[in-house]
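Worksheet: one structure, shown below.
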Amino acid sequence: MAFVKKPKLIDFKSSPPHLQFNDFVLTGYRPVSTFQGCVHSLFYLHNEFGNIYTHAIPFLCFLVLLPLNIPWWQAGAGWICVLHYLACLSPTVGSVLYHLFMNHEGGELIYDTLLSLDMFGVCLVNTLGALPIVHITLLCYPDARRAAQLAYISLSLYGVYSAVTARSNVRRLQSFIWQAAFRLFLYFLRLYGPGTGSPASMHFYAVMDSLAALGGLVNVARMPERLSPGSFDYWLNSHQIMHMLVALSIVYLHWGMMEDLVWLDTFQCPPE
Ligand SMILES: [Zn+2]
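Under our numbering, think of the first position of the sequence shown as 754, with each following residue one higher.
Given below as structure tokens:
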């Protein structure tokens, strides 16, 4: 392969208007590039480099390691395993594509499509990751379970619509509030009501939702780069911190679901 020279990076004001979304990141912007130019940016440092790899590395780890840990063979739980695996992979795929190709020469249209794909990935983990939790929490109440799954899917559709049409980070974060509130209700049912599931998984789900919420808030607050604009252009800015918290939150979702699946394997609903 011919060696491609690293292009000259540009500053905030010289980058296209649709890429000027964080005015505390001052330098390190890639110029508008072809498809090959975007792919080449995997191999030199710029201000999206950390964003790409903080989700590309977890994606590869999840892709290879999770199947070794998921009990695909467990009776009656095959669909949960498939949904769970897809849920864990989905946010990192959309994110890597968004951050890698956001400076594509196709301009704002390509940018908006990629941002929608990124948001869709986040919606998928919120949906596919939670449906098994709904199922297990209401295992012994088939009618309520179906109604809850339908309600959760409806909230998810609303969430997808809000997230892909949102024009700001605050609005994007707000898109996921109703799904989060529904999950809190499920945890409440497990702790204080008739909800079922592994007691051990509650700790993992609580950490999972806390990390995801913290990541969203850090991203909206633009901390720490707000305190020292230009000092976090390449490393440890709010978006990278959010990526790491999201990846960690997926690990906690996985641990919680594995506990629930162990519990599901032996649990029997009491006879009516
Ligand atoms: Zn991102």
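Beta carbons: idealized from backbone N, C-alpha and C, even for Gly. Note that this is a predicted model, so its numbers are computed, not measured.
Identify every run of the alpha helix (DSSP H) within the segment 829-880, keeping only runs that are complete inside it and at least 4 residues long; order them along the chain. Here the runs fully enclosed are 831-854.
Terminal residues of the alpha helix (DSSP H) in which C791 lies
788-793
Please say whether Y864 and H799 have beta carbons closer to each other than 7 Å? no
Simplified DSSP assignment, three categories, for Y782
strand
Give the DSSP-derived three-state secondary structure of M1011 in the structure shown.
In the three-state DSSP reduction, M1011 falls in the helix class (H, G or I).
(Q) Would you say the beta carbon of S921 is closer than 6 Å to some non-hydrogen atom of ligand 1? (A) no
Simplified DSSP assignment, three categories, for I930: helix
Opposite I763 in the DSSP bridges: which residues? Y782
Any heavy atom of ligand 1 within a distance shorter than 6 Å of the CB on S848? yes
**Prompt:** Using the C-alpha atoms, what's the distance from T1019 back to G950?
**Reply:** Taken atom to atom, the span from the alpha-carbon of G950 to that of T1019 is near 11 Å.
* Look at the alpha carbon of E1025 and the alpha carbon of A897, and state the distance between them as a whole number of angstroms. => 15 Å
For the alpha helix (DSSP H) that contains G890, what are its first and last residues? At residue 890 the sequence reads Thr, which differs from the Gly that was named. T890 -> alpha helix (DSSP H) spans 884-890.
- Item | Distance CB(H808)-CB(S848) smaller than 7 Å | yes
As a quick exercise: from L926, C893, S1002, L903, pick the residue whose alpha carbon is nearest that of P1023.
C893
Considering only the beta carbon of each residue, do G874 and V846 sit closer than 7 Å? yes
- [ ] Return helix, strand or coil for N990, following the three-state DSSP convention.
- [x] coil
Integer Cβ distance of L819 from Y838, believed to fall under 8 Å: 6 Å
Between W825 and C834, which are expected to be in contact by the criterion C-beta below 8 Å, what is the C-beta distance as a whole number of angstroms?
5 Å
(Q) Does the structure place the segment 1008-1018 close enough to the segment 981-990 that three or more beta carbon pairs sit under 8 Å? (A) No contact exists between the segment 981-990 and the segment 1008-1018.
Alpha carbon of P885 to alpha carbon of G781, nearest angstrom = Distance between the alpha carbons of P885 and G781: 42 Å.
**Item:** Contacts around R925, its chain only, beta-carbon distance under 7 Å, and the 5 residues preceding and following it disregarded
**Value:** M872, A916, A919
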